[in-house]
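S.K.: My questions all concern the structure below.
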């Protein structure tokens, strides 16, 4: 098992990529603490994992509140005596065109989903430096590598996550601590499910734009996070791993001369 004896904290662990990562980490031998603002969703994930014999705890946590991040890391240390892996994964943001975003909404987006990643990293670095080891994996996005219509705040905060990962990596590389970002494309998580119900044509247009012709699965991103968190990635730091079905590889140009993916 690739995380045998390791202790991991996962924010946003009550659904989607966070929940899939929690299940994957436990399967690979880790003791996991998940944090989520939705207690019912987090308890459901924790109950499923416990039924399978895994070690998991839930902390109800608003990751945008520094004192709750302090308490989360303190709980993991009190419970397990170490912190080997931090997976910053939660997200909250205001959508809309750049000129239509509210000042409060833009600031809240950065506070909840970028400043909170930095603060959790800052807090986790204390025990990791004392141990002389640690792995931090941040959930960024292909939307942090390029722009999207109507997602300006999300684009900015995810671009920040990519570079936060880089600078953390180089500053602590000689202290035994690695930091990387995973950049998913469109994944079949609850927000995408809601989009399917609210705007089925948009949902279909996004699916069609992905060269593989399908949405990713949360478990596929969890496997990427597992690699970056494990000792198999011992020489991997300061990079971003794109898992998007080929979306970012496409320039965005329509098929020319009738040449497309259908042949």
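Numbering (my numbering), first residue to last: 1 to 263. Think of the CB as a built atom: it goes at the ideal place given N, C-alpha and C, for glycine as much as any other residue.
#1: Give the range of the alpha helix (DSSP H) segment to which residue 79 is assigned.
#2: Do three or more CB pairs link the segment 212–231 to the segment 51–64 at distances below 8 Å?
#3: Anyone know if the C-beta pair for residue 17 and residue 192 falls short of 8 Å?
#4: If you check the beta carbons only, do residue 160 and residue 114 fall under 8 Å apart?
#5: Whose CA, out of 13, 46, 145, 175, lies closest to the CA of residue 240?
#6: I need the boundaries of the beta strand (DSSP E) containing residue 57, first residue and last residue.
#7: Which one of 212, 11, 133 has the shortest CA to CA distance from residue 62?
#8: My output table needs one value for residue 225: the three-state DSSP class, helix, strand or coil.
#9: Please report the distance separating the alpha-carbon of residue 288 from that of residue 231.
#10: How far does the alpha helix (DSSP H) with residue 187 in it extend, from its first residue to its last?
#11: My parser needs the alpha helix (DSSP H) runs of 4 or more residues fully inside the segment 125–180; what are they?
#12: Below 8 Å on the Cβ atoms is my contact criterion, and I expect residue 65 with residue 33 to pass it. Report the Cβ-Cβ distance as a whole number of Å.
#13: Which same chain residues end up closer than 6 Å to residue 149 when comparing Cβ atoms and leaving out the 5 residues on each side of it in sequence?
#14: Taking DSSP as the reference, what is the three-state secondary structure of residue 3?
#15: Which first and last residues belong to the beta strand (DSSP E) in which residue 36 is found?
#16: Provide the residue(s) that pair with residue 11 in DSSP beta bridges, ordered along the chain.
#17: With DSSP as the reference, label residue 195 as helix, strand or coil.
#18: Less than 8 Å between the CB atoms is what I'm expecting for residue 140 and residue 106, so what's the real figure, rounded?
#19: Taking only three categories from DSSP, how would you classify residue 256?
#20: In angstroms, rounded to a whole number, what distance separates the CA positions of residue 183 and residue 246?
M.R.: By the coordinates alone:
#1: Counting from one through the chain shown, the residue named residue 79 turns up at place 79. From DSSP, the alpha helix (DSSP H) with residue 79 extends over 66–80.
#2: Remark: fewer than three beta-carbon pairs, one from each stretch, lie closer than 8 Å, so the segment 212–231 and the segment 51–64 are not flagged as touching.
#3: As a working note, residue 17 is residue 17 in the chain shown. As a working note, residue 192 is residue 192 in the chain shown. Judged by their CB atoms, residue 17 and residue 192 are not nearer to each other than the 8 Å cut-off.
#4: Here residue 160 refers to the residue found at position 160 when the chain shown is read from its first residue. Here residue 114 refers to the residue found at position 114 when the chain shown is read from its first residue. A contact, by the Cβ cut-off of 8 Å.
#5: Here residue 240 corresponds to residue number 240 of the chain shown, with the count starting at 1. The option with the nearest alpha carbon to residue 240 is 145.
#6: Within the chain shown, numbered from 1, the residue matching residue 57 stands at position 57. DSSP places residue 57 in the uninterrupted beta strand (DSSP E) bounded by 56–60.
#7: As a working mapping, residue 62 is identified with position 62 in the chain shown. Measuring from the Cα of residue 62, the nearest candidate turns out to be 11.
#8: Counted from its first residue, the chain shown places residue 225 at position 225. DSSP places residue 225 in the helix class (H, G or I) of the three-state scheme.
#9: In the structure displayed, the chain extends from 1 to 263; residue 288 sits before or after that span and is not available.
#10: Start at 1 with the first residue of the chain shown, and residue 187 comes out as number 187. Where residue 187 is concerned, there is no enclosing alpha helix (DSSP H), because DSSP gives it neither an H nor an E.
#11: Entirely contained in the segment 125–180, the alpha helix (DSSP H) runs reaching 4 residues are, in chain order, 152–172.
#12: Here residue 65 is taken as the residue at index 65 of the chain shown, counted from 1. Here residue 33 is taken as the residue at index 33 of the chain shown, counted from 1. Contact between residue 65 and residue 33 is ruled out by a C-beta separation of about 17 Å, above the 8 Å threshold.
#13: Translated into positions along the chain shown, residue 149 becomes position 149. Closer than 6 Å at the Cβ level, and outside the excluded window around residue 149, lies no residue.
#14: Locating residue 3 in the chain shown gives position 3, counting from the first residue. Coil at residue 3, not helix or strand.
#15: For the purposes of this step, residue 36 is taken as residue 36 along the chain shown, with counting starting at 1. Counting along the chain, the beta strand (DSSP E) containing residue 36 begins and ends at 31–36.
#16: Along the chain shown, one-based indexing puts residue 11 at 11. Listed as beta-bridge partners of residue 11 by DSSP are 35.
#17: For the purposes of this step, residue 195 is taken as residue 195 along the chain shown, with counting starting at 1. Here residue 195 sits in helix by DSSP.
#18: Position 140 of the chain shown holds residue 140. Position 106 of the chain shown holds residue 106. Going by Cβ atoms, the distance from residue 140 to residue 106 rounds to 18 Å, so no, they are not a contact pair.
#19: By 1-based counting over the chain shown, the position of residue 256 is 256. Residue 256: strand per DSSP, three-state reduction.
#20: Taking the first residue of the chain shown as 1, we reach residue 183 at position 183. Taking the first residue of the chain shown as 1, we reach residue 246 at position 246. The straight-line gap from Cα to Cα measures roughly 12 Å.
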